[in-house]
Amino acid sequence: QLLIFRLPEIIGSTYTTVSQQLEKSISGLHDIYIVFKNDGSHKYVANVDNIAFDVKSVEEKDNIPSGYTEATVNQWTPSGKWGCYFGNWSGTASGSYEWASDADYNIYVDKANKGTAWLVQGSYTDNVTNGHTYKVTVDVTASKACSIGIKEDLSNEKEPQVYTDIPAKGTRTLTGTYTVTNNQIKVMFELGQNVDAGTNINFKNIKIEDLTVETTKEPTPTTVAPTTEAPTAIGPTTVVPTTTVAPTTVAPTTVVPTTAATNNSSA
């Protein structure tokens, strides 16, 4: 592309900045040639210190679907319970998003650098009960054929994502079952490995079902066994018959009459 810069006449060593907009977007590595021309009547000396491309082209911005918001690269962008991320550690991914509600979320991948896992990400975060097991389901529709990974990242960050193939303009239900050790669950969607540039992805009807059944233990009633008091056996009382002492019979005392002897006196 040919850009023509009209330089003002400068006396001395004062610098000035000039800029122009490219007619078409460019990317990658390019050779830049600078040609100076004058009107033929003035001598000149030029010193160029810096050339930079620091504004996105109009054509690139036109790639954003109507109603979508352009996401900032290398920055997590939340919307309600949803969020998206476009990284730049292995090439630069870019895109936009549309949040209609927590039940309807869209991510548009403009630049993918397909093949780098997690260079493009989506997420859904919700409150849960620590220690419970949850089943996650979400309906995903893609404008182009792709494969999307799902995992839970707060309590199960060491577990790998599980991929589901989605046909072009088709819908598949992504499913995962996770036990949490946190009061929140964060469901992650990996969109960098197998998603082409120009793919629009819709997430709808996400559900998080608690599979843990609370067991209510009824209190065990304490049964007090009745105390059985052994009856006191009273043995029959044997009354020893009282021996009646026979009355003492006093033998009558027989008094022998005293016989007085008669004295015969001799005269």
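What the sequence shown shows, in full-length UniProt numbering, is residues 1 to 267, in sequence order. Every residue, glycine too, gets a C-beta built ideally from N, C-alpha and C.
Item checked: Cα-Cα separation between Thr111 and Thr199, rounded to whole angstroms -> The question names Thr, yet the displayed sequence has Lys at residue 111. The alpha-carbon atoms of Lys111 and Thr199 are separated by roughly 9 Å.
Next item on the list: Keeping to the same chain, check which residues put their C-beta closer than 7 Å to that of Gly115; ignore five residues upstream and five downstream.
Entry: Cβ neighbours of Gly115 beyond the five flanking positions: Gln193.
Checklist line | Neighbourhood of Glu209 by C-beta, 7 Å cutoff - its chain only, sequence neighbours within 5 removed | finding: Excluding the 5 residues flanking it on each side, Glu209 has same chain C-beta neighbours closer than 7 Å at Tyr134 and Lys135, in chain order.
Next item on the list: Decide if Asn106 is buried, meaning its Cβ has at least 16 other Cβ atoms within 10 Å, or exposed.
Entry: Result: buried.
Next item on the list: Below 8 Å on the Cβ atoms is my guess for Thr92 versus Val73; work out the distance and round it to an integer in Å.
Entry: Indeed, because the Cβ distance is near 6 Å, the residues count as touching under 8 Å.
Check: From Gly122 to Glu214, what distance separates their C-alpha atoms?
Finding: Distance between the alpha carbons of Gly122 and Glu214: 32 Å.
Next item on the list: Would you mind reading off the limits of the beta strand (DSSP E) that contains Thr177?
Entry: Residue range Gly170 to Thr179 is occupied by the beta strand (DSSP E) that includes Thr177.
Next item on the list: Mind the definition here: the stretch 174-188 touches the stretch 146-156 only if three or more C-beta pairs lie below 8 Å; say whether that holds.
Entry: Segments in contact, yes.
Check: To the nearest angstrom, how far is it from the Cα of Val35 to the Cα of Tyr108?
Finding: Those two C-alpha atoms are separated by around 41 Å.
Item checked: Ser66 versus Asn47: straight-line alpha-carbon distance, rounded -> Their backbone Cα atoms lie some 44 Å apart in a straight line.
Check: Can you check whether the CB of Val162 is closer than 8 Å to the CB of Asn202?
Finding: Cβ distance not < 8 Å, so Asn202 and Val162 don't count as in contact.
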